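Asks: Pasting in a structure now, in structure tokens, and then I'll have a few things to ask.
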Amino acid sequence: MTVQEYRERLKKKTCNIQELSEILGVSKDKARRLTHIEGFPKIKIGRDIRIILGKLDGFLEEHIGEIL
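Below you can see the structure in the form of structure tokens.
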């Protein structure tokens, strides 16, 4: 597997801040602040933050009714 193939595979399982803001319908700033909440499903690769899509629903369900 090449580095490019690995990056493409990783992108399908994750999203960036811009994509998260579009998914949730919030501003990029709010999406970025959400990633600072303890337990938020993210990984950091250097300075890049990737949100783990497979765990995002679970995180949101755990916080139903809370102001985030």
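Quick note on the UniProt record's numbering: the sequence shown kicks off at 1 and runs consecutively.
C-beta atoms are modelled at their ideal positions from N, C-alpha and C, and glycine is treated no differently.
Just so you know, these numbers come straight off a predicted model, no measurement behind them.
1) Consult DSSP for I51 and reduce its assignment to one of helix, strand or coil.
2) Helix or strand or just coil, what does DSSP make of I37?
3) What is the DSSP secondary structure of I64, reduced to helix, strand or coil?
4) Looking only at its own chain, which residues have a Cβ that is under 6 Å from the Cβ of A31, when we skip the five neighbours before and after it?
5) Hey, how far is the Cα of residue 71 from the Cα of I64?
Replies: On the basis of the supplied data:
1) Working through the sequence shown from its first residue, we reach residue 51 at position 51. In this structure, I51 counts as strand in the three-state DSSP scheme.
2) Taking the first residue of the sequence shown as position 1, residue 37 is located at position 37. Of the three classes helix, strand and coil, the one that applies to I37 here is coil, per DSSP.
3) Along the sequence shown, one-based indexing puts residue 64 at 64. The answer is coil: DSSP assigns I64 none of H, G, I, E or B.
4) Here the question's residue 31 lines up with position 31 in the sequence shown. Only I17, L20 and S21 meet the Cβ criterion.
5) The question about residue 71 has no answer, for the chain in this structure spans 1 to 68.
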